[in-house]
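What follows is a single structure, written as structure tokens, with notes after it.
Number of protein chains: 6
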Amino acid sequence: MVNITHKSPSLRKAIAQAIVKVSSEVTIDAIVNRKVPKGDVFEMAKVAGLFAAKRTADMIPDCHPLPIEFTAVSYEIKGLEIYVMVEIHTIYKTGVEVEAMHAASVVALTMYDMLKPIDKEIVIEKIQLMEKKGGKSDKKKYFP
Amino acid sequence: MVNITHKSPSLRKAIAQAIVKVSSEVTIDAIVNRKVPKGDVFEMAKVAGLFAAKRTADMIPDCHPLPIEFTAVSYEIKGLEIYVMVEIHTIYKTGVEVEAMHAASVVALTMYDMLKPIDKEIVIEKIQLMEKKGGKSDKKKYFP
Amino acid sequence: MVNITHKSPSLRKAIAQAIVKVSSEVTIDAIVNRKVPKGDVFEMAKVAGLFAAKRTADMIPDCHPLPIEFTAVSYEIKGLEIYVMVEIHTIYKTGVEVEAMHAASVVALTMYDMLKPIDKEIVIEKIQLMEKKGGKSDKKKYFP
Amino acid sequence: MVNITHKSPSLRKAIAQAIVKVSSEVTIDAIVNRKVPKGDVFEMAKVAGLFAAKRTADMIPDCHPLPIEFTAVSYEIKGLEIYVMVEIHTIYKTGVEVEAMHAASVVALTMYDMLKPIDKEIVIEKIQLMEKKGGKSDKKKYFP
Amino acid sequence: MVNITHKSPSLRKAIAQAIVKVSSEVTIDAIVNRKVPKGDVFEMAKVAGLFAAKRTADMIPDCHPLPIEFTAVSYEIKGLEIYVMVEIHTIYKTGVEVEAMHAASVVALTMYDMLKPIDKEIVIEKIQLMEKKGGKSDKKKYFP
Amino acid sequence: MVNITHKSPSLRKAIAQAIVKVSSEVTIDAIVNRKVPKGDVFEMAKVAGLFAAKRTADMIPDCHPLPIEFTAVSYEIKGLEIYVMVEIHTIYKTGVEVEAMHAASVVALTMYDMLKPIDKEIVIEKIQLMEKKGGKSDKKKYFP
Numbered sequence: 093m094v095n096i097t098h099k100s101p102s103l104r105k106a107i108a109q110a111i112v113k114v115s116s117e118v119t120i121d122a123i124v125n126r127k128v129p130k131g132d133v134f135e136m137a138k139v140a141g142l143f144a145a146k147r148t149a150d151m152i153p154d155c156h157p158l159p160i161e162f163t164a165v166s167y168e169i170k171g172l173e174i175y176v177m178v179e180i181h182t183i184y185k186t187g188v189e190v191e192a193m194h195a196a197s198v199v200a201l202t203m204y205d206m207l208k209p210i211d212k213e214i215v216i217e218k219i220q221l222m223e224k225k226g227g228k229s230d231k232k233k234y235f236p
Numbered sequence: 093m094v095n096i097t098h099k100s101p102s103l104r105k106a107i108a109q110a111i112v113k114v115s116s117e118v119t120i121d122a123i124v125n126r127k128v129p130k131g132d133v134f135e136m137a138k139v140a141g142l143f144a145a146k147r148t149a150d151m152i153p154d155c156h157p158l159p160i161e162f163t164a165v166s167y168e169i170k171g172l173e174i175y176v177m178v179e180i181h182t183i184y185k186t187g188v189e190v191e192a193m194h195a196a197s198v199v200a201l202t203m204y205d206m207l208k209p210i211d212k213e214i215v216i217e218k219i220q221l222m223e224k225k226g227g228k229s230d231k232k233k234y235f236p
Numbered sequence: 093m094v095n096i097t098h099k100s101p102s103l104r105k106a107i108a109q110a111i112v113k114v115s116s117e118v119t120i121d122a123i124v125n126r127k128v129p130k131g132d133v134f135e136m137a138k139v140a141g142l143f144a145a146k147r148t149a150d151m152i153p154d155c156h157p158l159p160i161e162f163t164a165v166s167y168e169i170k171g172l173e174i175y176v177m178v179e180i181h182t183i184y185k186t187g188v189e190v191e192a193m194h195a196a197s198v199v200a201l202t203m204y205d206m207l208k209p210i211d212k213e214i215v216i217e218k219i220q221l222m223e224k225k226g227g228k229s230d231k232k233k234y235f236p
Numbered sequence: 093m094v095n096i097t098h099k100s101p102s103l104r105k106a107i108a109q110a111i112v113k114v115s116s117e118v119t120i121d122a123i124v125n126r127k128v129p130k131g132d133v134f135e136m137a138k139v140a141g142l143f144a145a146k147r148t149a150d151m152i153p154d155c156h157p158l159p160i161e162f163t164a165v166s167y168e169i170k171g172l173e174i175y176v177m178v179e180i181h182t183i184y185k186t187g188v189e190v191e192a193m194h195a196a197s198v199v200a201l202t203m204y205d206m207l208k209p210i211d212k213e214i215v216i217e218k219i220q221l222m223e224k225k226g227g228k229s230d231k232k233k234y235f236p
Numbered sequence: 093m094v095n096i097t098h099k100s101p102s103l104r105k106a107i108a109q110a111i112v113k114v115s116s117e118v119t120i121d122a123i124v125n126r127k128v129p130k131g132d133v134f135e136m137a138k139v140a141g142l143f144a145a146k147r148t149a150d151m152i153p154d155c156h157p158l159p160i161e162f163t164a165v166s167y168e169i170k171g172l173e174i175y176v177m178v179e180i181h182t183i184y185k186t187g188v189e190v191e192a193m194h195a196a197s198v199v200a201l202t203m204y205d206m207l208k209p210i211d212k213e214i215v216i217e218k219i220q221l222m223e224k225k226g227g228k229s230d231k232k233k234y235f236p
Numbered sequence: 093m094v095n096i097t098h099k100s101p102s103l104r105k106a107i108a109q110a111i112v113k114v115s116s117e118v119t120i121d122a123i124v125n126r127k128v129p130k131g132d133v134f135e136m137a138k139v140a141g142l143f144a145a146k147r148t149a150d151m152i153p154d155c156h157p158l159p160i161e162f163t164a165v166s167y168e169i170k171g172l173e174i175y176v177m178v179e180i181h182t183i184y185k186t187g188v189e190v191e192a193m194h195a196a197s198v199v200a201l202t203m204y205d206m207l208k209p210i211d212k213e214i215v216i217e218k219i220q221l222m223e224k225k226g227g228k229s230d231k232k233k234y235f236p
């Protein structure tokens with residue numbers, strides 16, 4: 093685990109994305125109209141994502157435990173693809189990129205799990221970092 | 093959570109895949125030759141995957157806790173893509189598809205975390221179920 | 093921890109209740125109309141309850157780890173009181189009473205946490221076992 | 093999860109209470125005289141409460157992880173009611189009210205679990221915040 | 093993780109030991125007379141051991157999750173050495189040796205942590221398996 | 093739990109050691125040459141140790157949760173004994189001695205678990221604090 097004792101805390105932000113691709117418009121309708129038997133997919137998957145953000149250091153060996161000070165989960169539907177966006181902020185010595193990616197992956201997996209009784213062909217496509225701010229190098233796209 | 097009290101246990105298997113796409117042959121070489129500063133990527137990510145397999149019900153709301161009775165993590169390198177395969181077996185009333193996908197995603201995220209100091213452009217692609225056996229419908233490809 | 097190696101598994105059910113008492117009709121309206129800033133209270137608290145049911149043995153020293161095979165969380169509003177009901181089933185050697193009570197308490201605490209920005213006077217009342225079935229003594233009320 | 097990156101840390105305290113109501117003086121005697129078969133109820137439940145205080149962010153979706161810097165669990169017996177008091181301090185950007193209530197609930201549930209072999213009629217009454225100090229509004233009662 | 097799907101469950105028992113060596117009779121007296129400031133060392137460490145037994149698969153990569161069906165923690169004082177004994181039973185396809193050793197180590201570490209304010213020279217000696225029963229080979233000593 | 097709200101954070105370091113004693117040179121060879129069937133013992137046990145360091149407050153009742161800012165696991169082979177060394181740093185109000193000892197014990201237990209199919213006589217000897225720096229009293233040996 094990288095030594096960060098000498099680093100100074102600063103505001104760090106990250107946005108990660110996961111794409112959940114369903115096979116039919118029927119699945120999208122069931123989500124939007126809250127007709128999925130296991131419950132409200134977007135609300136339930138968000139909660140799983142909140143917990144996952146906080147438990148990243150428990151799952152990824154070299155991640156430092158850090159104070160997650162903001163997490164937001166949002167969704168955008170584009171055809172048969174649902175874009176999951178997770179934004180995390182902290183004031184700490186290291187960034188929250190992996191935390192955001194981990195949370196996005198768990199949101200996507202929860203959606204998969206809730207939807208598999210009604211759609212057998214779901215794939216999780218591209219879990220990736222979209223933005224980070226703070227630290228040595230920004231990767232600007234959303235944060236002005 | 094779906095009621096499974098009335099179901100009978102049987103052998104259930106699942107194989108899930110995640111693809112980690114790196115940006116340079118240098119990254120592949122560092123992994124294979126165990127030159128990544130954080131450690132042996134394949135061995136360390138495997139351990140994260142073993143834990144993740146066992147903790148799936150802790151991360152995904154509707155997953156039933158179940159006795160993971162076998163887990164194997166393997167890797168295949170194809171150009172700049174590393175295919176992570178996770179195979180899980182149980183004898184229980186419900187399948188281990190989400191467990192295999194969850195473990196595959198955590199293996200991939202651990203690789204991402206270990207590699208990001210040396211490669212800033214890694215993307216995790218396609219977390220998907222490859223095979224399942226047991227339960228109402230098989231999805232045969234690897235299991236004969 | 094009580095020795096249960098000699099016991100035979102059988103169907104065990106439990107229903108536990110927690111009562112969340114808010115101070116104003118405005119709070120009830122915000123919940124029902126999904127206007128609480130932190131999100132959909134009933135859906136989000138349900139997820140916390142699902143996880144809590146599964147993690148009871150992690151929180152209560154003498155609880156045996158057991159296969160939670162069904163969990164349902166439901167709500168009933170009576171004036172300013174919200175009745176949280178959690179029903180859990182297992183087929184195992186010991187009952188799920190404490191699991192149901194633990195889940196009900198975490199559902200109630202999540203509601204408290206989500207509602208405290210809009211209502212400072214919430215109290216959690218009566219966390220209690222309502223029903224159990226299976227084992228030496230039933231406590232019948234809901235299970236026929 | 094509420095954004096707290098802009099807030100300044102300060103000393104925050106909270107005291108929460110849970111009431112465990114037993115059905116007989118015999119139960120009280122067994123606790124006080126350490127004759128409960130599962131062990132010393134007050135000591136064992138205190139440990140469960142210490143862990144619960146620290147794991148609140150793991151159980152309640154919107155709770156921020158924070159440095160628990162003091163936890164005390166105490167008991168007061170009034171007739172057939174046992175008052176569980178949990179006091180928690182932190183120096184952080186947000187309060188520890190839910191942490192104290194969560195810990196109090198787990199102490200009470202542990203007592204319930206340890207006592208149910210000898211008393212079938214235990215109810216957990218009123219889990220509530222008694223005091224908080226620091227943050228926008230104090231709720232003074234114990235803290236001078 | 094070793095494949096155990098083909099194995100049959102049977103009664104498995106293990107006893108493990110850890111030795112906590114303190115530096116002075118004063119420490120022993122403080123424990124026995126419950127004068128250690130952090131609380132009743134034997135009772136509190138026992139609880140930590142109960143949780144540790146149940147969480148072994150969460151800490152040790154290749155351990156299978158299994159139903160812990162009995163755990164007992166006992167202590168024996170011999171001069172300046174405290175022998176911690178943890179006995180665990182399960183009915184499952186694999187043994188509980190590592191579970192017993194893990195629990196014994198956590199009991200010992202908890203004692204160390206509670207005692208270090210009053211004794212700076214504590215060492216944990218010999219964490220070892222004393223007995224196992226069931227499986228291919230017994231290691232008999234205590235189990236007749 | 094000791095109140096540390098009034099203390100100031102400073103750099104704290106600890107090194108703990110565990111000794112894993114195997115019964116044969118064959119075992120040592122299998123480790124060094126990565127021929128142990130369960131995988132690369134040193135790499136896999138290191139990961140278990142990284143997680144254990146971070147989860148100490150989850151296992152030991154009175155340990156404060158704290159930001160682990162550096163962890164290193166190293167090994168030294170002396171005959172049939174393998175010395176496991178875990179070094180942990182933090183900048184916080186309390187030390188990381190128990191964290192280092194806990195991580196060392198989990199590294200040792202993981203080695204035991206991975207090696208027991210090929211060596212039945214492994215004992216974990218002496219889990220002890222070797223060094224600490226920061227706080228009221230240093231225990232100097234390695235830190236200059």
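Residue numbers (this note's numbering), protein chains in the order written: chain A, 93 to 236; chain B, 93 to 236; chain C, 93 to 236; chain D, 93 to 236; chain E, 93 to 236; chain F, 93 to 236.
Even glycine gets a Cβ: it sits at the ideal position worked out from N, Cα and C.
Being a predicted model, the structure only gives us computed values, none of them experimental.
Using a beta-carbon distance below 7 Å, is Thr97 of chain C in contact with chain D?
Interface criterion not met: the Cβ of Thr97 of chain C is under 7 Å from no Cβ in chain D.
Establish whether the CB of Met151 of chain B and some CB of chain F are separated by less than 7 Å.
Taking Cβ atoms only, chain F never reaches closer than 7 Å to Met151 of chain B, which makes this a no.
Could you check whether the stretch 133 to 146 of chain D touches the stretch 216 to 225 of chain D, counting it as contact only if at least three pairs of C-beta atoms, one from each stretch, sit closer than 8 Å?
The stretch 133 to 146 of chain D, when compared against the stretch 216 to 225 of chain D, does not touch it at the 8 Å Cβ threshold.
Alpha carbon to alpha carbon, how far is Thr119 of chain B from Gly171 of chain B?
Their Cα atoms are separated by approximately 11 Å.
Along the stretch 120 to 132 of chain C, what residues have a CB closer than 7 Å to any CB found in chain A?
The stretch 120 to 132 of chain C vs chain A, Cβ under 7 Å: Gly131, Asp132.
If we call anything under 7 Å between Cβ atoms a contact, is Ala106 of chain D one with Glu189 of chain D?
With respect to the 7 Å criterion, Ala106 of chain D and Glu189 of chain D are classified as neighbours on the basis of their beta carbons.
If we ignore side chains and look at the alpha-carbon of each, how far apart do Met206 of chain F and Ala200 of chain F end up?
Computed Cα separation, rounded: 10 Å.
Compare the C-alpha of Val133 of chain C against each of D:Pro153, D:Val139, D:Phe134 and name the closest.
Of the listed residues, the one whose Cα sits closest to Val133 of chain C is D:Pro153.
Let's test the definition: count the other Cβ atoms within 10 Å of the Cβ of Asp150 of chain D and tell me whether it reaches 16, buried, or not, exposed.
Asp150 of chain D is buried by the Cβ-count criterion.
Taking the alpha carbon of Arg126 of chain C as the point to measure from, which residue in C:Glu213, C:Met203, C:Ile96 has its own alpha carbon closest?
Check the Cα spacing between Arg126 of chain C and each of C:Glu213, C:Met203, C:Ile96: the tightest is with C:Met203.
For a contact defined as C-beta to C-beta under 9 Å, what are the partners of Phe134 of chain E on chain C?
By Cβ distance, chain C contributes nothing, its closest Cβ being about 14 Å from Phe134 of chain E, past 9 Å.
Residues, ordered as in the chain, of the stretch 138 to 169 of chain A that lie near chain C by beta-carbon distance below 8 Å
The stretch 138 to 169 of chain A vs chain C, Cβ under 8 Å: Lys138, Val139, Ala140, Phe143.
Classification of Ile180 of chain E by the beta-carbon crowding that lies within 10 angstroms, buried from 16 upward
Classification of Ile180 of chain E: buried, given that the 10 Å Cβ count is 16 or more.
Against chain D, which members of the stretch 205 to 233 of chain C pass a CB distance test of less than 9 Å?
Within the stretch 205 to 233 of chain C, the residues whose Cβ lies closer than 9 Å to any Cβ of chain D are, in chain order, Asp205, Met206, Lys208, Pro209, Lys212, Ile214, Val215, Ile216, Glu217, Lys218, Ile219, Gln220, Leu221, Ser229, Lys231.
Is it the case that the Cβ atoms of Ala137 of chain D and Ala196 of chain D are separated by a distance below 7 Å?
Cβ distance not < 7 Å, so Ala137 of chain D and Ala196 of chain D don't count as in contact.
Identify which residue in D:Pro209, D:Ile174, D:Ser102 has its Cα closest to the Cα of Ser229 of chain C.
For the options D:Pro209, D:Ile174, D:Ser102, the alpha carbon positioned closest to that of Ser229 of chain C is the one of D:Pro209.
Would you grab the beta carbon distance between Pro159 of chain C and Thr182 of chain C for me? Rounded to a whole angstrom, and I think it's under 8 Å.
Correct: roughly 6 Å between the Cβ atoms.
Can you tell me the Cα-Cα spacing of Glu213 of chain B and Val165 of chain C, whole angstroms?
Linking Glu213 of chain B to Val165 of chain C through their CA atoms gives a straight-line distance of about 43 Å.
Thinking C-alpha only, which one of F:Arg104, F:Asn95, F:Ile96 is nearest Thr97 of chain A?
Comparing alpha-carbon positions, the option among F:Arg104, F:Asn95, F:Ile96 lying closest to Thr97 of chain A turns out to be F:Arg104.
Bridge partner(s) assigned by DSSP for Ile216 of chain E:
By DSSP's assignment, Ile216 of chain E forms a beta bridge with E:Val112, F:Ile219.
Can you check whether the C-beta of Ser197 of chain F is within less than 7 Å of a C-beta belonging to chain E?
Yes, contact with chain E.
To the nearest angstrom, how far is the alpha carbon of Asp211 of chain B from that of Ala122 of chain E?
The straight-line gap from Cα to Cα measures roughly 56 Å.
How would you label Glu135 of chain F, buried or exposed, when you count the other beta carbons within 10 angstroms and need 16 or more for buried?
Per the 10 Å Cβ criterion, buried.
Contacts around Glu191 of chain E, its chain only, beta-carbon distance under 6 Å, and the 5 residues preceding and following it disregarded:
Around Glu191 of chain E: Ala145, Thr148, Ile180.
Got a sec, what are the start and stop residues for the beta strand (DSSP E) Val176 of chain B sits in?
For Val176 of chain B, the enclosing beta strand (DSSP E) begins and ends at 173 to 184.
In chain order, which beta strand (DSSP E) runs of at least 3 residues are fully inside the stretch 93 to 159 of chain C?
For the stretch 93 to 159 of chain C, the continuous beta strand (DSSP E) assignments of 3+ residues that do not extend past its boundaries occur at 102 to 113, in sequence order.
Using a cut-off of 7 Å between C-beta atoms, extract the partners of His181 of chain B located in chain E.
Going along chain E in sequence order, the residues near His181 of chain B (Cβ under 7 Å) are Asn95, Thr97.
Residues bridged to Lys224 of chain F by DSSP?
Beta-bridge pairing links Lys224 of chain F to F:Ala106, F:Lys231.
Using a Cβ-Cβ cut-off of 7 Å, state whether Leu103 of chain E counts as contacting chain C.
Closer than 7 Å: yes.
Where Val188 of chain B sits in the DSSP three-state scheme
Val188 of chain B falls in the coil class under three-state DSSP.
What residue does the beta strand (DSSP E) around Ile169 of chain B start on, and which one ends it?
Residues 162 to 170.
For Asp205 of chain E, the three-state DSSP class (helix, strand or coil):
Assignment of Asp205 of chain E by DSSP, reduced to helix, strand and coil, places it in the helix class.
Could you tell me the alpha carbon to alpha carbon distance between Ser115 of chain E and Lys99 of chain F, rounded to whole angstroms?
About 28 Å.
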